[in-house]
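See below for the structure under consideration.
Next up, the structure:
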């Protein structure tokens, strides 16, 4: 990912972003591919009628995901935020609360959807053969829906805790098991549609076993505790609503489109619609940029470090647009194979599908940017903006434009409307927010008196960091004695990190806060150790510990996203003396 490094720069947060990005993109892609694979299996083995049957059932997954994300998203956000505020115990209590509510939700969904089967299918105008395929898939699929809330929670918590590689490993196991089991059950044991549905369930169990190993054996910070609080539950729901509503909007939007399309255009062009819907589903992998950015933004917000927020969001936006742009040549080159895996064989319909797929590709940069900024506005407290973005992109314009355009130009209006949705949403909100927040658009935060410096730590660069920190305090009128104390502290901190990581290039970020009580935060990607504790293995350890103790310097340590983070608050008796 050298081109990513070139964009984010050789900074500490840039390095962490790059490390998280691969895991986020792969995990998101495979998770969504797991369900699209069912449609591909059904099409290749049983024809496009079977694929239509699965397309009818899948909106249920997104509808129930609304409830799942109401718990999981807010829990992950608050976990990162509390870690950012150095509240590890409270962070783990929130995870325990999330597990309790998820178990309750799993039981509720399984029972409710079992009894609602006939009601659900009554909404769809389709032939009896399509209904038969859909019902064969529906009943075993309920088992997947029952465990899916816990799967989502575990995946999000492991990722938020820095277990990106575990997430990748789990999802690779998941898709591999899914394909092997699906082929074995459908072809080997002749289970048909039931076998396809059961393969999803078995593959998610395999992934959850990997997540469980991280949570209970590997993680150094993620240790769930039994806890439940009404006020904290409300906070979780408030933070979760935007992501959760995204799933609900997608479910309702796809349901409306499928019903409208089957009623007005029949099944001839339905595989093309299914292909376009699947492309937008897989476009969720572009939200991998958002998922890589979110933990870092949340930690910076927990510190009230808006300088850090801006420092990571600007390159993240560039990366999101480039990721979306990279999809364009891929879809242009492989549009025909994409059409074929969805069972599109008629020459005229294949030609139509190729045009549609190539056109949809141009919307992907805007899709990626919308995912990123929806997340950002949500966790930064701009809930109305985030909800409005999601509502327009995934429901209002997503259904309104295809139906409107198709009323004038027929089936091609559906494709044109779906392509126009990301463009229209992005343009509309860019104009509105630029008018509403002219001074702070697009980040909507005011600069604070915060400065930071990134260095590869060695003896020379530690001295450079010390001189830089002293200069920043001098510029703000602090006394020479206080400046000397800060310089000594920074030098000893840096030298301690170098001493613990001899022969290794360690990247560190030193941040100085001057709003209110001055404080210093150091992050480094070296071996994990707490220099604020009495771990006296060398003279330098003894000297640093004595300095921190005798000067009564407030201090905290917490390993975050698999890196060290120390905070120091040098005592300030008076600014001038």
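In our numbering, the protein residues as written are 12 to 588.
C-beta: ideal position from N, C-alpha, C; glycine also.
What span of residues does the beta strand (DSSP E) with residue i cover, start to end?
{"i": "residue 463", "result": "461-468"}
{"i": "residue 189", "result": "No beta strand (DSSP E) contains residue 189, which is instead part of the alpha helix (DSSP H) from 175-194."}
{"i": "residue 109", "result": "Careful: residue 109 lies outside any beta strand (DSSP E), inside the alpha helix (DSSP H) at 99-126."}
{"i": "residue 568", "result": "565-568"}
As a quick exercise: from the options, pick the residue whose alpha carbon is nearest that of residue i.
{"i": "residue 559", "options": "575, 24, 541", "result": "541"}
{"i": "residue 364", "options": "539, 30, 343", "result": "343"}
{"i": "residue 425", "options": "433, 416, 301", "result": "416"}
{"i": "residue 460", "options": "452, 483, 447", "result": "483"}
{"i": "residue 268", "options": "487, 439, 174, 408", "result": "408"}
{"i": "residue 375", "options": "467, 353, 389, 330", "result": "330"}
{"i": "residue 70", "options": "275, 216, 264, 538", "result": "264"}
{"i": "residue 508", "options": "119, 531, 470", "result": "470"}
{"i": "residue 60", "options": "31, 147, 220, 115", "result": "147"}
{"i": "residue 434", "options": "307, 486, 404, 277", "result": "404"}
{"i": "residue 173", "options": "251, 574, 581, 579", "result": "574"}
{"i": "residue 334", "options": "346, 350, 372, 359", "result": "372"}
{"i": "residue 396", "options": "77, 412, 287, 253", "result": "253"}
{"i": "residue 28", "options": "517, 308, 451", "result": "308"}
{"i": "residue 233", "options": "556, 366, 101", "result": "101"}
{"i": "residue 336", "options": "115, 240, 193, 377", "result": "377"}
{"i": "residue 75", "options": "239, 304, 347, 261", "result": "261"}
Return helix, strand or coil for residue i, following the three-state DSSP convention.
{"i": "residue 448", "result": "coil"}
{"i": "residue 580", "result": "strand"}
{"i": "residue 575", "result": "strand"}
{"i": "residue 492", "result": "helix"}
{"i": "residue 160", "result": "helix"}
{"i": "residue 23", "result": "helix"}
{"i": "residue 314", "result": "coil"}
{"i": "residue 201", "result": "coil"}
{"i": "residue 510", "result": "helix"}
{"i": "residue 556", "result": "helix"}
{"i": "residue 165", "result": "helix"}
{"i": "residue 240", "result": "coil"}
{"i": "residue 278", "result": "coil"}
{"i": "residue 456", "result": "coil"}
{"i": "residue 413", "result": "helix"}
{"i": "residue 528", "result": "coil"}
{"i": "residue 357", "result": "coil"}
{"i": "residue 232", "result": "coil"}
{"i": "residue 49", "result": "helix"}
{"i": "residue 405", "result": "helix"}
{"i": "residue 135", "result": "coil"}
{"i": "residue 585", "result": "At residue 585 the pLDDT is 49, less than 50, meaning the model places this residue with poor confidence; the figure from the coordinates comes in the next sentence. Residue 585 falls in the coil class under three-state DSSP."}
Starting from residue i and walking both ways along the alpha helix (DSSP H), at which residues does that stretch end?
{"i": "residue 381", "result": "375-390"}
{"i": "residue 343", "result": "317-344"}
{"i": "residue 590", "result": "Because the chain in this structure spans residues 12 to 588, residue 590 falls outside the shown range and cannot be described."}
{"i": "residue 298", "result": "Counting along the chain, residue 298 falls outside any alpha helix (DSSP H), and DSSP gives it neither H nor E."}
{"i": "residue 400", "result": "394-402"}
Drop a sphere of 10 angstroms on the beta-carbon of residue i, count the other beta-carbons inside from all chains shown, and report buried for 16 or more, exposed for fewer.
{"i": "residue 167", "result": "buried"}
{"i": "residue 478", "result": "exposed"}
{"i": "residue 585", "result": "Caution is warranted here: a pLDDT of 49 is assigned to residue 585, below 50, making its placement in the model unreliable, and no coordinate value can be reported."}
{"i": "residue 191", "result": "exposed"}
{"i": "residue 112", "result": "buried"}
{"i": "residue 319", "result": "buried"}
{"i": "residue 340", "result": "exposed"}
{"i": "residue 514", "result": "exposed"}
{"i": "residue 437", "result": "buried"}
{"i": "residue 356", "result": "exposed"}
{"i": "residue 393", "result": "buried"}
{"i": "residue 553", "result": "exposed"}
{"i": "residue 495", "result": "exposed"}
{"i": "residue 536", "result": "buried"}
{"i": "residue 212", "result": "buried"}
{"i": "residue 588", "result": "In this prediction, residue 588 has a pLDDT of 45, which is less than 50 and means its spatial position is unreliable; what the coordinates show is noted afterwards. The residue in question, residue 588, is exposed, as its Cβ has fewer than 16 Cβ neighbours within 10 Å."}
{"i": "residue 227", "result": "exposed"}
{"i": "residue 235", "result": "buried"}
{"i": "residue 316", "result": "buried"}
{"i": "residue 31", "result": "buried"}
{"i": "residue 480", "result": "buried"}
{"i": "residue 159", "result": "buried"}
{"i": "residue 492", "result": "exposed"}
{"i": "residue 244", "result": "buried"}
What does DSSP give as the partner residues of residue i in its beta bridges?
{"i": "residue 520", "result": "465, 534"}
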